[in-house]
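2 protein chains.
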Amino acid sequence: MAKRATLQDIADKAGVGAGTVSRVLNNHPYVKEDTRQRVLQAMEELDYYPSFSARHMRTQRSRLIGFLTDEVATSPFAGDIIKGAQDAVWDQDYILLVIDMGDNPARAEKAIKTLVEREVEGIIYAAMYHQPVTLPESITQVPTVLANCYIENRSLSSVVPNEFQGGYEATQALLDAGHRRVAFINIHPTEPGTAASKGRLAGYRQALADYGVSYDETLVCKGIGHAISGYQFGYELMRLTEPPTAIFCGTDRTAMGTYDALKEQGLRIPDDVAIVGFDNQDSIAEALRPGLSTMQLPHYEMGQWAITYLIEQLESDSPMQTPIQHQQPCPYIRRDSV
Amino acid sequence: MAKRATLQDIADKAGVGAGTVSRVLNNHPYVKEDTRQRVLQAMEELDYYPSFSARHMRTQRSRLIGFLTDEVATSPFAGDIIKGAQDAVWDQDYILLVIDMGDNPARAEKAIKTLVEREVEGIIYAAMYHQPVTLPESITQVPTVLANCYIENRSLSSVVPNEFQGGYEATQALLDAGHRRVAFINIHPTEPGTAASKGRLAGYRQALADYGVSYDETLVCKGIGHAISGYQFGYELMRLTEPPTAIFCGTDRTAMGTYDALKEQGLRIPDDVAIVGFDNQDSIAEALRPGLSTMQLPHYEMGQWAITYLIEQLESDSPMQTPIQHQQPCPYIRRDSV
Numbered sequence: 141m142a143k144r145a146t147l148q149d150i151a152d153k154a155g156v157g158a159g160t161v162s163r164v165l166n167n168h169p170y171v172k173e174d175t176r177q178r179v180l181q182a183m184e185e186l187d188y189y190p191s192f193s194a195r196h197m198r199t200q201r202s203r204l205i206g207f208l209t210d211e212v213a214t215s216p217f218a219g220d221i222i223k224g225a226q227d228a229v230w231d232q233d234y235i236l237l238v239i240d241m242g243d244n245p246a247r248a249e250k251a252i253k254t255l256v257e258r259e260v261e262g263i264i265y266a267a268m269y270h271q272p273v274t275l276p277e278s279i280t281q282v283p284t285v286l287a288n289c290y291i292e293n294r295s296l297s298s299v300v301p302n303e304f305q306g307g308y309e310a311t312q313a314l315l316d317a318g319h320r321r322v323a324f325i326n327i328h329p330t331e332p333g334t335a336a337s338k339g340r341l342a343g344y345r346q347a348l349a350d351y352g353v354s355y356d357e358t359l360v361c362k363g364i365g366h367a368i369s370g371y372q373f374g375y376e377l378m379r380l381t382e383p384p385t386a387i388f389c390g391t392d393r394t395a396m397g398t399y400d401a402l403k404e405q406g407l408r409i410p411d412d413v414a415i416v417g418f419d420n421q422d423s424i425a426e427a428l429r430p431g432l433s434t435m436q437l438p439h440y441e442m443g444q445w446a447i448t449y450l451i452e453q454l455e456s457d458s459p460m461q462t463p464i465q466h467q468q469p470c471p472y473i474r475r476d477s478v
Numbered sequence: 141m142a143k144r145a146t147l148q149d150i151a152d153k154a155g156v157g158a159g160t161v162s163r164v165l166n167n168h169p170y171v172k173e174d175t176r177q178r179v180l181q182a183m184e185e186l187d188y189y190p191s192f193s194a195r196h197m198r199t200q201r202s203r204l205i206g207f208l209t210d211e212v213a214t215s216p217f218a219g220d221i222i223k224g225a226q227d228a229v230w231d232q233d234y235i236l237l238v239i240d241m242g243d244n245p246a247r248a249e250k251a252i253k254t255l256v257e258r259e260v261e262g263i264i265y266a267a268m269y270h271q272p273v274t275l276p277e278s279i280t281q282v283p284t285v286l287a288n289c290y291i292e293n294r295s296l297s298s299v300v301p302n303e304f305q306g307g308y309e310a311t312q313a314l315l316d317a318g319h320r321r322v323a324f325i326n327i328h329p330t331e332p333g334t335a336a337s338k339g340r341l342a343g344y345r346q347a348l349a350d351y352g353v354s355y356d357e358t359l360v361c362k363g364i365g366h367a368i369s370g371y372q373f374g375y376e377l378m379r380l381t382e383p384p385t386a387i388f389c390g391t392d393r394t395a396m397g398t399y400d401a402l403k404e405q406g407l408r409i410p411d412d413v414a415i416v417g418f419d420n421q422d423s424i425a426e427a428l429r430p431g432l433s434t435m436q437l438p439h440y441e442m443g444q445w446a447i448t449y450l451i452e453q454l455e456s457d458s459p460m461q462t463p464i465q466h467q468q469p470c471p472y473i474r475r476d477s478v
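Residue numbers (my numbering), protein chains in the order written: chain A, 141 to 478; chain B, 141 to 478.
In structure tokens:
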């Protein structure tokens with residue numbers, strides 16, 4: 141019996157690199173259609189069965205998943221993405237190898253090389269905040285799922301927070317409590333702003349519309365996500381001729397500043413002004429007095445979703461042909477500020 | 141010329157496992173003296189030169205360092221340990237592979253196996269809070285440095301915060317501002333408490349003594365590190381016949397609760413009561429009004445120290461024979477609460 145063809149044999153025959161063959165085997169969308177056809181042709185001629193693909197052989201070997209991140213491991217904001225991923229991999233008897241590139245994206249190429257050489261079966265790429273990202277093409281050597289980020293052309297599967305739903309439900313919580321003058325201290329000062337500020341503003345506007353409340357631009361503030369914005373606008377909003385009775389704060393840190401401003405003005409929360417935050421950042425939301433009702437950023441769930449979906453694809457005989465873009469809801473965490 | 145002896149050859153001759161040979165080559169203290177002698181004897185008989193050791197060969201190959209942690213990567217508290225380690229490895233052209241075991245120490249054995257199989261040259265083990273740890277013996281297969289933790293028998297090198305100095309200087313900042321009734325809301329309710337609560341209390345007492353202020357037990361509160369402790373004791377302390385004019389809070393979260401209690405009682409910070417925190421937790425210390433003067437937990441510096449020391453040992457022709465225990469100072473971060 142003839143020696144079984146290797147990836148390199150196929151690559152040589154098709155006149156492409158071994159990485160391209162690997163991408164074809166992984167049904168990766170980055171491969172041009174005519175290249176794909178040449179690789180498939182070479183496989184057929186060499187009697188290579190994709191069901192015994194390199195991907196599958198690798199699956200039987202390493203049970204490792206790479207986790208590449210900009211700053212998730214080192215910043216206090218999104219560590220729950222790793223926690224969710226971590227719990228999911230241990231549950232399924234895989235192990236996660238994390239590489240944090242810090243704020244230096246130039247490290248990506250080297251980090252990917254290291255992970256691929258260490259035979260990871262797939263990669264999760266996670267970002268500290270919800271944003272579009274650009275990744276080296278080398279990441280397509282193995283199946284990849286993005287968490288808390290996406291690529292503009294949507295050629296890789298991703299999971300991000302449902303910002304629209306979060307903004308909608310935050311506003312709804314205040315409207316349901318009877319408020320009709322509802323301010324919004326958003327988290328980004330520029331237009332169109334980030335994925336988060338844009339989606340939440342749309343949700344805020346839709347909720348107002350659904351409750352028959354007209355949109356009042358003077359109630360929407362362009363903050364920067366820090367306590368100082370909440371403090372500053374906590375004063376400015378109350379000086380309006382018709383001040384709000386409720387404030388939706390784009391981050392819990394913003395709410396922390398708003399609390400201080402309101403208390404300094406002798407206003408009680410929630411009796412005089414009701415507040416909803418965003419993030420559910422443990423050390424703040426619980427520690428504020430009264431406890432802050434807030435929307436939870438689903439970091440844990442995004443990490444879990446990314447791993448679960450990736451492993452499903454790795455272990456499937458017929459992985460998805462088309463990348464999917466999943467939006468994870470942001471649950472409302474009720475405390476005492478509404 | 142005869143084939144060069146392998147680790148396995150030596151192991152076979154000495155009647156031990158290859159891991160033991162590796163430990164001897166790495167001068168690891170876990171090896172019994174008679175075993176070490178047998179291995180050294182076998183090396184001599186096989187003409188094996190330790191200067192061409194497996195450790196050294198590995199150094200030339202992988203340039204990988206494993207980072208094993210209980211919850212540092214996934215919790216918001218100590219992520220700067222990874223950041224410090226990360227920056228230090230990239231600077232020296234190494235790469236860090238992180239495995240976070242979450243709250244499940246049973247995963248350690250498997251995690252270590254994975255890292256060693258992936259040819260890491262050394263391991264940093266980091267804990268979320270300063271504590272003694274127990275580690276599987278398998279970690280001694282490669283040089284290991286502990287960060288924010290230590291083993292009771294001190295057989296591995298470690299770096300931990302200098303809690304005594306931190307407690308001393310926090311108290312000193314208040315004494316230097318003229319205060320003589322200085323309360324301390326500590327972070328652990330039991331005796332003798334954690335490494336942190338014990339060390340800081342000793343520092344607090346020493347500072348009082350050095351300034352000729354007698355120790356008053358009624359001013360020392362056993363908190364739990366959360367805002368609720370700061371809030372509760374912020375009331376209780378002010379009800380004393382002779383209330384404090386300054387409070388040293390064992391965490392920034394504690395200080396956050398104390399701020400609320402004092403403000404509710406109409407007291408101004410720092411005019412009526414001065415406050416010093418501990419941790420320098422970004423999202424809190426800066427966001428409080430007034431900004432919180434606090435002691436910084438040197439997470440970043442501990443990560444950096446651990447990597448720098450480990451790489452020095454890996455690249456040294458004569459690595460340290462004796463583990464060293466380094467205490468990293470906690471710098472005082474001055475804001476506006478004193």
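The beta-carbon is built from N, C-alpha and C at its ideal position, and this holds for glycine as well.
On a predicted model such as this, the values are computed, not experimentally measured, just so you know.
Whole angstroms is fine: what's the gap from residue i's alpha carbon to residue j's?
i              : j              : result
L180 (chain B) : T175 (chain A) : 58 angstroms
A335 (chain B) : Q232 (chain B) : 32 angstroms
G417 (chain B) : Y351 (chain B) : 20 angstroms
V285 (chain B) : P410 (chain A) : 50 angstroms
V413 (chain A) : A395 (chain A) : 12 angstroms
D392 (chain A) : T311 (chain A) : 15 angstroms
D476 (chain A) : A425 (chain A) : 10 angstroms
M268 (chain B) : Y371 (chain A) : 32 angstroms
S337 (chain B) : L315 (chain A) : 46 angstroms
V156 (chain A) : L275 (chain A) : 22 angstroms
K172 (chain B) : K250 (chain B) : 25 angstroms
D356 (chain A) : N326 (chain A) : 14 angstroms
S354 (chain B) : G374 (chain B) : 22 angstroms
K403 (chain B) : Y399 (chain A) : 12 angstroms
G390 (chain B) : T381 (chain B) : 23 angstroms
The alpha helix (DSSP H) spanning residue i covers which residue range?
i              : result
D350 (chain B) : 335–350
V299 (chain B) : That residue, V299 (chain B), is in no alpha helix (DSSP H); its beta strand (DSSP E) goes 297–301.
H366 (chain B) : H366 (chain B) -> no alpha helix (DSSP H), and no H or E assigned at all.
Q148 (chain A) : 147–154
A246 (chain B) : First-last for A246 (chain B): undefined, no H or E at that position.
P221 (chain A) : For clarity, residue 221 (chain A) is Ile in the given sequence; the question names Pro instead. 219–231 is the span of the alpha helix (DSSP H), which, as asked, contains I221 (chain A).
Please check if any C-beta of chain A sits within less than 8 angstroms of the C-beta of residue i.
i              : result
G374 (chain B) : no
M267 (chain B) : The sequence shown places Ala at residue 267 (chain B), rather than the Met named in the question. It does not: the Cβ of A267 (chain B) has no partner Cβ on chain A nearer than 8 angstroms.
S423 (chain B) : yes
Y308 (chain B) : no
D227 (chain B) : yes
R321 (chain B) : no
M460 (chain B) : no
V238 (chain B) : yes
D408 (chain B) : In the sequence as displayed, the identity of residue 408 (chain B) is Arg instead of Asp. With 8 angstroms as the cut-off, R408 (chain B) does not count as an interface residue toward chain A.
D220 (chain B) : yes
Closer than 7 angstroms by C-beta to residue i: which residues in its own chain qualify, once you throw out the five before and the five after it? Chain order, please.
i              : result
R258 (chain A) : L204, L237
T448 (chain B) : A228
L147 (chain B) : A158, V161, S162, A194
W445 (chain B) : V299, H466, Q468
L186 (chain A) : A145, D149, I150, K153
Mind checking if residue i is an interface residue toward chain B, Cβ cutoff 8 angstroms exclusive?
i              : result
P190 (chain A) : Confidence at P190 (chain A) is low in this model, with a pLDDT of 48, below 50, so the placement of that residue is unreliable and no value is reported for it.
W230 (chain A) : yes
D400 (chain A) : yes
T199 (chain A) : Low confidence applies to T199 (chain A): its pLDDT is 42, below 50, so where it sits in the model is not reliable, and the reading given next is rough at best. Taking Cβ atoms only, chain B never reaches closer than 8 angstroms to T199 (chain A), which makes this a no.
S297 (chain A) : no
Excluding five sequence neighbours on each side, which residues of the same chain lie with their C-beta closer than 6 angstroms to the C-beta of residue i?
i              : result
A323 (chain A) : L359, L377, P384, I387
D152 (chain A) : none
Starting from residue i, follow the beta strand (DSSP E) in both directions and report where the run begins and ends.
i              : result
F418 (chain B) : 414–419
H270 (chain B) : 262–272
Y290 (chain A) : 284–290
V238 (chain A) : 235–240
G206 (chain B) : 204–209
S423 (chain A) : Looking at the DSSP string, S423 (chain A) is not in any beta strand (DSSP E); the run it does join, the alpha helix (DSSP H), is 422–425.
Contact between the segment 434–445 of chain B and the segment 211–226 of chain B (3+ Cβ pairs under 8 angstroms): yes
Stretch pair the segment 460–471 of chain A + the segment 301–311 of chain A: three plus CB contacts closer than 8 angstroms: yes
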